[in-house]
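Colleague:
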Amino acid sequence: MRINVLQHTPTEGPGSIRTWAQARGHELYVYHPYQFGILPTVDETDMLVVLGGPMSPNDDIDWIHAERVLIDQLLRADKPIFGACYGAQQIAMTLGYPVTTAPAKEVGWAPVYRQSAAIPRLPEQLTALHWHEEQFAIPKGAELLFSSDRVRNQGFVLGHRVVGLQFHFEPQTEDVRTMCINDGAYVAGSALGQTVADIIDWPVPAENQAVMNTILDFITK
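In the UniProt record's numbering, the protein residues as written are 1 to 221.
1. So Gln125 is in the beta strand (DSSP E); what residue range does that whole segment cover?
2. Using a 10 Å radius around the Cβ and a threshold of 16 neighbouring Cβ atoms, would you call Arg121 buried or exposed?
3. Can you tell which of Val162, Trp63 and Gln7 has its C-alpha closest to the C-alpha of Lys79?
4. Look at the alpha carbon of Tyr29 and the alpha carbon of Asp59, and state the distance between them as a whole number of angstroms.
5. Taking only runs that begin and end inside the region 133-217, name each unbroken beta strand (DSSP E) of 3 or more residues, in chain order.
6. Strictly under 8 Å for the Cβ-Cβ distance: is Thr214 near chain B by that measure?
7. Rounding to the nearest angstrom, what Cα-Cα distance links Glu134 and Gly96 in this structure?
8. In three-state terms, what does DSSP make of Pro33?
9. Does the count of Cβ pairs from the region 190-201 and the region 104-116 closer than 8 Å reach three?
10. Output the boundary residues of the beta strand (DSSP E) element that contains Val5.
11. Starting from Ala92 and walking both ways along the alpha helix (DSSP H), at which residues does that stretch end?
12. How should Ala197 be labelled, buried or exposed, when 16 other C-beta atoms within 10 angstroms of its C-beta is the threshold for buried?
13. Is the region 77-94 close to the region 174-183, with three or more CB pairs under 8 Å?
14. DSSP puts Pro110 in a beta bridge; with which residues?
15. Please state whether DSSP places Ala118 in a helix, a strand or coil.
16. So Gly53 and Glu12 are supposed to be a Cβ contact under 8 Å. How far apart are they, rounded?
17. Does Pro57 pass the burial test, meaning 16 or more other C-beta atoms within 10 Å, or should it be called exposed?
18. Taking Val69 as part of the alpha helix (DSSP H), name the residues at either end of that continuous run.
19. Answer yes if the region 179-186 comes into contact with the region 140-159, meaning at least three C-beta pairs across the two stretches below 8 Å, and no otherwise.
20. State the Cα-Cα distance for the pair Phe146 and Gln154, rounded to the nearest angstrom.
21. Starting from Thr9, trace the alpha helix (DSSP H) in both directions and tell me its first and last residue.
22. Based on the DSSP output, what are the partners of Met47 in its beta bridges?
23. For Thr100, count neighbouring Cβ atoms within 10 angstroms of its own Cβ and tell me buried if that reaches 16, exposed if not.
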């Protein structure tokens, strides 16, 4: 399987998604449309991953619009799509649903709570890395998958092919360090009250890799 990854900043890479792909024998291709303006085609995509980034889907930028065209084509082709943070927002907007300011800016580690049994074997509560101040509306036909204490719409699952998460299960220890040392200023104003040092020192929960595996296995089975 060829997995095409859309990465939108040097600080937010595929992390545990790469680990899953390597374990399953899949090929990973990483695109940087914000820098090079290049996107894969539908025909060369077996699965699409849309990662996070500092931009908003509401920004009027050509490559952001082009991404939504690609997402729409993949939705129509019934191919697996996984979106994290901005990526999940892009999926929602492609489906015609707005991205708006969230009730609280969340930056740091905080629990999320499972709201749907659509994906088997997901724990009822997990600790995830949050790095956002916007939120998506849940698309029609999708199920609310996760919520946090401050932001209800933290994840959705659409059928058996699409999952969008507002938070991050993909960062591994070195990824968290990279996010924090380069984008640590973004912590200011977070409702979670954590410092950059707090976020770096928080051990990445081992179960997050297992949960990522479960989600990606579900949409690719």
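For every residue, glycine included, the Cβ atom is placed at its ideal position computed from N, Cα and C.
Modeller: Judging by the given coordinates:
1. For the purposes of this step, residue 125 is taken as residue 125 along the sequence shown, with counting starting at 1. Taken as a continuous stretch (DSSP letters only), the beta strand (DSSP E) holding Gln125 covers Gln125 to Phe136.
2. Here residue 121 refers to the residue found at position 121 of the sequence shown. It counts as exposed.
3. To locate residue 79, count along the sequence shown from 1; it is residue 79. Nearest C-alpha to Lys79: Val162.
4. Numbered from its first residue, the sequence shown carries residue 29 at position 29. Numbered from its first residue, the sequence shown carries residue 59 at position 59. Roughly 25 Å separates the two Cα atoms.
5. 143-148, 155-158 and 162-165, all fully within the region 133-217.
6. This model lacks chain B altogether; it includes just one protein chain.
7. Numbered from 1 along the sequence shown, position 134 holds the residue referred to as residue 134. Numbered from 1 along the sequence shown, position 96 holds the residue referred to as residue 96. Taking the straight line joining both Cα atoms gives about 16 Å.
8. Sequence index remark: in the sequence shown, residue 33 carries index 33 (1-based). The three-state reading of DSSP puts Pro33 in helix, counting H, G and I together.
9. yes
10. Reading the sequence shown from its first residue, position 5 is the one you call residue 5. It spans Arg2 to Leu6 - the beta strand (DSSP E) in which Val5 sits, taken as one unbroken run.
11. Position 92 of the sequence shown, counting from 1, holds the residue named residue 92. Start and end: Tyr86 to Thr94.
12. The sequence position of residue 197 within the sequence shown is 197, counting from 1. By the 10 Å Cβ count, Ala197 comes out exposed.
13. Flag = no, the region 77-94 and the region 174-183 do not touch.
14. Counting from 1 along the sequence shown, the entry for residue 110 is found at position 110. Before going on, a small fix: residue 110 reads as Ala here, not Pro. BP columns for Ala110 point to Ala128.
15. In the sequence shown, residue 118 corresponds to position 118, counting from 1. The answer is coil: DSSP assigns Ala118 none of H, G, I, E or B.
16. What you label residue 53 is simply residue 53 of the sequence shown in a count that begins at 1. What you label residue 12 is simply residue 12 of the sequence shown in a count that begins at 1. Contact flag correct, Cβ pair sits at about 6 Å.
17. Indexing the sequence shown from 1 puts residue 57 at position 57. It counts as buried.
18. The residue given as residue 69 occupies position 69 in the sequence shown. Unbroken alpha helix (DSSP H) run through Val69: Asp62 to Arg76.
19. no
20. Counting from 1 along the sequence shown, the entry for residue 146 is found at position 146. Counting from 1 along the sequence shown, the entry for residue 154 is found at position 154. Distance between the alpha carbons of Phe146 and Gln154 is about 5 Å.
21. Reading the sequence shown from its first residue, position 9 is the one you call residue 9. Note, Thr9: premise wrong, no alpha helix (DSSP H); not H, not E.
22. Sequence index remark: in the sequence shown, residue 47 carries index 47 (1-based). According to DSSP, which records beta bridges pairwise, Met47 is partnered with Ile3.
23. The residue you call residue 100 lines up with position 100 of the sequence shown. Result: exposed.
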